[in-house]
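Student: First the structure, then my questions, so here it is.
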Amino acid sequence: MKKLVGVLAAMLIAGGVSTQAAEKQEFEAAKAEYEQSSHDEAARVTYVTKLAQLKVELLKVPNEQDDLKRAINSECQKLPYPKDVDSKKLKQLIVGTWASPRRHYVYLANGKWGQEGGAITGNWRIQGNQLIQGDVMNEPIILLNQD
Numbered sequence: 787m788k789k790l791v792g793v794l795a796a797m798l799i800a801g802g803v804s805t806q807a808a809e810k811q812e813f814e815a816a817k818a819e820y821e822q823s824s825h826d827e828a829a830r831v832t833y834v835t836k837l838a839q840l841k842v843e844l845l846k847v848p849n850e851q852d853d854l855k856r857a858i859n860s861e862c863q864k865l866p867y868p869k870d871v872d873s874k875k876l877k878q879l880i881v882g883t884w885a886s887p888r889r890h891y892v893y894l895a896n897g898k899w900g901q902e903g904g905a906i907t908g909n910w911r912i913q914g915n916q917l918i919q920g921d922v923m924n925e926p927i928i929l930l931n932q933d
């Protein structure tokens, strides 16, 4: 019985290592593809979307591949929406309920926001490619779409 458990454990560990290697390769391939692209908005959106999808998969396993998660964050921060983006279009996209790992947030069209089930008293607005909540200017918006 111990041998069988040991063999299964070794297979699971090896599977985890190969999955980690595959995710790293996926990141490197996406990065290389973007570097060879025209760097236009369509290429930026495709690249950032791939990075976001990979990050979602990585977040399913906490406390693993932290270096790869940081590398993805770093790449995304280099590629925000252009500063001359249509703020009205972004505002339409942000209105609604958004889920974070811990909470759901509600953004109303009247410029108010808060936690779902709680007080909706905070103020928000879009200025260029920035989401501003209250008096705090957050990081530039990187990707905002229907998903």
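Residue 933, in the numbering used here, is where the sequence shown stops; the numbers in between run on with no holes. Here a beta-carbon is modelled for each residue, glycine too, at the ideal position from N, C-alpha and C.
1. Rounded to whole angstroms, what is the Cα-Cα separation between leucine 929 and tyrosine 820?
2. Taking the alpha carbon of leucine 851 as the point to measure from, which residue in Ile880, Thr805, Lys898, Gln913 has its own alpha carbon closest?
3. Between the alpha carbons of valine 842 and glutamate 861, how many angstroms are there, rounded?
4. Which ranges would you report for the beta strand (DSSP E) in the stretch 861-889 if only whole runs of at least 3 residues count?
5. Count the other CB atoms, across all protein chains shown, that sit within 10 Å of the CB of valine 922; report buried if there are 16 or more and exposed otherwise.
6. Go ahead and pull the three-state DSSP assignment for glutamine 839.
7. Please report the straight-line C-alpha distance between valine 834 and isoleucine 906, rounded to a whole angstrom.
8. Once DSSP output is grouped into helix, strand and coil, what is the label at glycine 792?
9. Going by beta-carbon coordinates alone, are alanine 829 and serine 823 separated by less than 8 Å?
10. Quick check: the stretch 910-919 against the stretch 870-881, are there 3 or more CB pairs under 8 Å?
11. Going by C-alpha distance, which of Gln916, Pro848, His890, Pro887 is nearest valine 871?
12. In this structure, what does DSSP give as the bridge partners for lysine 898?
13. Have a look at glutamate 925 and glutamine 863 and give me their C-alpha separation to the nearest angstrom.
14. Since isoleucine 918 sits in a beta bridge, which residues does DSSP pair it with?
15. Ignore the nearest five residues each way along the sequence and tell me which others in glutamine 901's own chain have a CB closer than 8 Å to its CB.
Tutor: So, from the data block:
1. Taking the sequence shown and counting its residues from 1, the one referred to as residue 929 is at position 143. Taking the sequence shown and counting its residues from 1, the one referred to as residue 820 is at position 34. So the two alpha carbons sit approximately 16 Å from each other.
2. On the sequence shown, residue 851 is found 65 positions in, with the first residue counted as 1. What sits at residue 851 in the sequence shown is glutamine, not leucine. Per the Cα distances, Thr805.
3. Walking along the sequence shown from the start, residue 842 turns up at place 56. Walking along the sequence shown from the start, residue 861 turns up at place 75. Roughly 15 Å between the two C-alpha positions.
4. 882-885
5. The count along the sequence shown starts at 1 and reaches residue 922 at position 136. Looking at its Cβ environment, which holds fewer than 16 other Cβ atoms inside 10 Å, valine 922 is exposed.
6. Counted from its first residue, the sequence shown places residue 839 at position 53. If DSSP states are grouped into helix, strand and coil, glutamine 839 belongs with the helices.
7. On the sequence shown, residue 834 is found 48 positions in, with the first residue counted as 1. On the sequence shown, residue 906 is found 120 positions in, with the first residue counted as 1. Rounded to whole angstroms, valine 834 to isoleucine 906 spans 30 Å at the Cα level.
8. Residue mapping note: residue 792 aligns to position 6 of the sequence shown, counting from 1. Note that glycine 792 has pLDDT 39, beneath the 50 cutoff, so the model's placement of it is unreliable and no number is given.
9. Walking along the sequence shown from the start, residue 829 turns up at place 43. Walking along the sequence shown from the start, residue 823 turns up at place 37. Yes, the pair counts as a contact, with Cβ atoms nearer than the cut-off.
10. yes
11. Along the sequence shown, one-based indexing puts residue 871 at 85. Nearest of Gln916, Pro848, His890, Pro887 to valine 871, Cα basis: Gln916.
12. For the purposes of this step, residue 898 is identified with residue 112 of the sequence shown, where counting begins at 1. Beta-bridge pairing links lysine 898 to Asn909.
13. Taking the sequence shown and counting its residues from 1, the one referred to as residue 925 is at position 139. Taking the sequence shown and counting its residues from 1, the one referred to as residue 863 is at position 77. Rounded to whole angstroms, glutamate 925 to glutamine 863 spans 8 Å at the Cα level.
14. In the sequence shown, the residue the question calls residue 918 occupies position 132. Isoleucine 918 has Arg911, Met923 as its beta-bridge partners, per DSSP.
15. Walking along the sequence shown from the start, residue 901 turns up at place 115. Arg889, His890, Tyr891, Val892.
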